Each structure stands twice: as C-alpha cells, then as structure tokens.
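These notes are about the structure you will find just below.
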Ligand code: AMP
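Below is the structure:
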C-alpha cells in the first residue's frame with residue numbers, strides 16, 4: 016500500500032501518517048523529519064534546507080526529489096509506505112509518478128486531510144517540540160505531563176521556528192499556491208480520498224482506516 020498524505024501544514028497529516036504506518040507495518044516517511052535530522056547532524060543537505068525551512072518556504076525540488084526517491088528505493092519500502100509532506104509541488108508529484116511508473120507501480124491513495132486555515136493557525140500556535148529528541152506536543156491537544164518539559168527526555172520544549180505565527184501564515188500561503196494543486200492532480204489520477212480533519216484525532220483515524228480498507 017503506497018499512500019500520500021495531503022493537507023495544509025498543521026492539518027494533522029503527520030499524526031495520521033504515523034498511525035497508518037503503525038497499523039499497517041509500513042514506513043512513515045516525512046521529508047520534514049529527514050530535513051530536520053540532517054540539520055541536526057550538520058550535513059550539507061541540512062545546511063541547504065535550513066534557510067528555506069526557517070522562512071517557511073519550500074526546499075527546492077532539485078534537493079527534495081532526489082532525497083525522497085533514494086529513500087523509497089530502500090528495502091523497507093518494498094511493501095509500501097506512507098509519505099508525509101511529499102509531494103508538495105506538481106513537479107515533485109510528477110517525478111514520483113514517473114519513478115513508480117518505471118517499475119509498473121503507482122500511488123494507491125492520496126489522503127487529503129481537510130482543515131480550514133483559521134483552525135490551523137489556532138492549532139499551530141500551541142505546538143511545542145523537544146529540541147533534543149524531536150518529540151512533539153500541543154499545549155491543548157497533547158500536553159506533556161509537566162508543562163514545557165519533554166516526557167521522553169526531560170528537555171525544555173521550544174516553539175519550532177517554522178511554527179511561529181508569522182511563519183505559519185507564510186506556510187499556509189505557500190500551501191495554497193504550490194501544494195493545493197496536488198488535490199486536482201491526484202483527483203485526475205483517480206486516487207484522491209478526502210477526510211474531515213477538524214474532527215477529534217481518533218475519529219479522523221477511523222475515517223482514514225475505513226477508506227483504506229474499502230479500497
Ligand atoms: P513539515 O515537517 O512536513 O511541515 O516540513 C517542514 C519544512 O520542511 C517545510 O516547511 C519545508 O520548508 C520543508 N519541506 C518538507 N517537505 C518538503 C517538500 N516535499 N518539498 C519542499 N520542502 C519541504
């Protein structure tokens with residue numbers, strides 16, 4: 016099962032992607048996580064990505080596409096995967112379609128998690144992250160046991176620079192301009208499925224599973 020998650024930043028697609036990966040035993044591949052791991056590790060790729068990410072812009076396709084295609088060529092991806100944060104542009108989607116088609120393969124489902132912008136801005140202002148282990152929290156929906164302290168490693172939590180309110184609005188603008196056209200792209204490919212992402216997390220997941228199991 017090869018799944019692409021669509022939806023604005025903050026729509027909850029990462030959370031749903033992790034749950035899908037867990038339930039079906041397939042890798043969860045987040046390009047944002049790969050970039051963040053590279054930034055942390057001080058790699059050349061990380062250095063290239065950082066300036067774009069800090070501004071809420073997309074990392075250029077020539078960096079992102081190769082990185083993702085290498086990742087899905089790895090052995091653990093042979094029975095499928097869930098892509099979270101890729102594709103984010105039409106050229107990225109086209110490269111993915113082409114790489115899969117060369118092996119007689121295709122994306123089975125593009126799952127669009129729909130949430131209006133206002134709700135996203137409200138949600139993202141509450142996000143917190145652990146700078147040390149990467150765990151993420153939300154002050155209302157997924158609060159740590161002790162305020163502002165990571166449950167997993169005890170570090171003080173931070174607001175990721177790309178979760179700051181001004182950056183969130185920039186990221187939403189980027190989403191509408193560059194990523195939203197993917198909805199039509201996957202609709203035309205007849206694999207688009209839409210779920211209401213404003214519902215409670217587990218309800219959204221039940222809807223996602225119902226869709227995947229009816230395929
Ligand atoms: P995310 O964790 O998916 O919200 O991604 C965080 C940031 O990483 C984005 O705002 C982009 O700057 C960058 N990024 C992640 N995935 C991609 C992608 N497919 N194309 C370009 N930039 C990306």
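Numbering (the working numbering), first residue to last: 16 to 230. By construction, the Cβ of each residue, glycine as well, lies at the ideal position given by its N, Cα and C atoms. Nothing here was measured: the structure is a model prediction, and the numbers come from that model.
1. Count Cβ pairs between the region 105-115 and the region 72-88 that sit closer than 8 Å; are there 3 or more?
2. Say the cut is 7 Å; is the CB of residue 91 nearer than that to a heavy atom of the ligand AMP?
3. DSSP puts residue 17 in a beta bridge; with which residues?
4. Regarding residue 109 and the ligand AMP, is the C-beta to nearest heavy atom distance less than 7 Å?
5. Which stretch, first to last residue, makes up the alpha helix (DSSP H) that contains residue 223?
6. From which residue to which residue does the beta strand (DSSP E) around residue 125 run?
7. Is residue 72 near the ligand AMP, in the sense that its beta carbon is under 7 Å from a heavy atom of that ligand?
8. Beta strand (DSSP E) containing residue 151: first to last residue?
9. Buried or exposed: residue 74, going by 16 or more other Cβ atoms within 10 Å of its Cβ?
10. For residue 120, which three-state DSSP category applies?
11. Would you call the region 149-157 and the region 124-132 in contact, with 3 or more CB pairs under 8 Å?
12. What residue range is occupied by the uninterrupted beta strand (DSSP E) comprising residue 210?
13. Can you determine whether any heavy atom of the ligand COA sits closer than 7 Å to the C-beta of residue 211, and answer yes or no?
14. Evaluate the contact criterion for the region 56-76 versus the region 121-130: three or more CB pairs, one atom per stretch, below 8 Å.
15. Okay, do the region 60-73 and the region 89-102 touch, 3+ Cβ pairs below 8 Å being the bar?
16. Cα separation between residue 59 and residue 52?
17. Grab the span of the beta strand (DSSP E) containing residue 44 for me, first residue to last.
18. Assess contact between the region 172-179 and the region 134-147, defined as three or more Cβ pairs (one per stretch) separated by less than 8 Å. Is contact present?
19. Can you tell me which of 42, 55, 24 and 21 puts its alpha carbon nearest to the alpha carbon of residue 149?
20. Apart from the five residues just before and just after residue 158, which ones in its own chain have a Cβ nearer than 8 Å to its Cβ?
21. Taking only heavy atoms of the ligand AMP into account, decide whether any of them is closer than 7 Å to the Cβ of residue 68.
22. Taking the alpha carbon of residue 137 as the reference point, which residue from 194, 213 and 217 has its own alpha carbon closest?
23. Just verifying my parser: in three-state terms, what is the DSSP assignment at residue 173?
With the structure as the only source:
1. yes
2. no
3. 96
4. no
5. 216-228
6. 124-129
7. yes
8. 151-153
9. buried
10. coil
11. no
12. 207-211
13. This structure lacks the ligand COA; the ligands present are the ligand AMP.
14. no
15. no
16. 12 Å
17. 43-45
18. yes
19. 55
20. 152
21. yes
22. 213
23. strand
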